[in-house]
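Novice: No gaps in the numbering here: position 80 of the sequence shown is 80 in full-length UniProt numbering, and each next residue is one more. Virtual Cβ for every residue (Gly too), placed ideally from N, Cα, C.
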Amino acid sequence: MTSHPMRRCCITGIKHNGTPKGAMKQIDNIRTYMACPDSTTTNNNNNNNNNNTPEQAIILMTDVLGISFPNTLLIADQFAQNGYLTLIPDVFNGAEVFFPIAPEFDLQDG
Numbered sequence: 001m002t003s004h005p006m007r008r009c010c011i012t013g014i015k016h017n018g019t020p021k022g023a024m025k026q027i028d029n030i031r032t033y034m035a036c037p038d039s040t041t042t043n044n045n046n047n048n049n050n051n052n053t054p055e056q057a058i059i060l061m062t063d064v065l066g067i068s069f070p071n072t073l074l075i076a077d078q079f080a081q082n083g084y085l086t087l088i089p090d091v092f093n094g095a096e097v098f099f100p101i102a103p104e105f106d107l108q109d110g
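#1: Using the beta-carbon count (16 or more within 10 Å), is T53 buried or exposed?
#2: Can you tell me the Cα-Cα spacing of L60 and L85, whole angstroms?
#3: For A23, does the three-state DSSP call read helix, strand or coil?
#4: Going by DSSP, name the residue or residues bridged to Y33.
#5: Within 10 Å of its beta-carbon, does G94 have 16 or more other beta-carbons around it, so buried, or fewer, so exposed?
Shown next, in the form of structure tokens:
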């Protein structure tokens, strides 16, 4: 709630199992995770072009856990399995909060 200070329960979560299938790329000097659909899912997504290039893309923005958190990468892979090129830019430039969040992490420090 916005009327109460943030507490530890706000940043508690679980790490999903799985290995991300996409790849880290540099796009215009921005580290970016790229999950590409395979030709089967691209063809099933009403794609009328002949080169199996996806016509739709998703740019997935992260929370404070950033691009290093496997859960976010696995979500991108799921979008790719459904035919969408999915990109996750490293908006924190490597300065994200790492999971699990350290107990001494100050929740109120701005």
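Specialist: Reading off the structure:
#1: When all chains shown are included, T53 counts as exposed.
#2: 10 Å
#3: Here A23 carries a strand assignment [DSSP, helix/strand/coil].
#4: M24, I88
#5: exposed
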